[in-house]
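Counting from 2, one number per residue, gives the positions in the sequence shown under the working numbering. The beta carbon of each residue, even a glycine, is placed where N, CA and C say it ideally should be. Report on the structure given below.
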Amino acid sequence: MFEPFYRGENKKLKVRGLGLGLPFSKMLAKAQKGDLVLKDSNEQGTIFTIVIEKRIKYKKGCPGNGQPSYYAEC
Numbered sequence: 002m003f004e005p006f007y008r009g010e011n012k013k014l015k016v017r018g019l020g021l022g023l024p025f026s027k028m029l030a031k032a033q034k035g036d037l038v039l040k041d042s043n044e045q046g047t048i049f050t051i052v053i054e055k056r057i058k059y060k061k062g063c064p065g066n067g068q069p070s071y072y073a074e075c
């Protein structure tokens with residue numbers, strides 16, 4: 002499903018496309034050190050989730066206060 006140019010077998014929908022959306026989305030997630038995962042649900046269909054790690058930057062010049070930059074007052 003995450004291979005480029007993959008197309009599903011459901012021909013009734015007549016959905017147009019090249020089959021590049023999911024591979025491109027997964028590539029973008031991986032570029033941010035994340036991932037694109039899917040979960041198949043009979044009630045809701047397929048659920049796609051992009052998971053990206055949150056990174057916190059610290060201000061330079063704050064000697065070891067351990068607070069994120071948006072809280073640091075130094």
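Does the beta-carbon of residue i have 16 or more other beta-carbons within 10 angstroms, so that it is buried, or is it exposed?
i: ALA73; result: Confidence at ALA73 is low in this model, with a pLDDT of 47, below 50, so its placement is unreliable and no value can be given for it.
Nearest CA to the CA of residue i: which residue from the options?
i: ASP36; options: ARG56, SER26, GLU44; result: SER26
i: LYS55; options: GLN45, LYS34, PRO24, GLU44; result: LYS34
Measure the Cβ-Cβ separation of residue i and residue j and say whether it is below 9 Å.
i: ILE48; j: LEU39; result: yes
How many Å lie between residue i and residue j at the Cα?
i: PRO24; j: ASP41; result: 18 Å
i: ASN43; j: GLY22; result: 22 Å
Kindly give me the distance between the Cβ atoms of residue i and residue j, rounded to whole angstroms, as I take these residues to be in contact under 8 Å.
i: ILE51; j: ALA30; result: 5 Å
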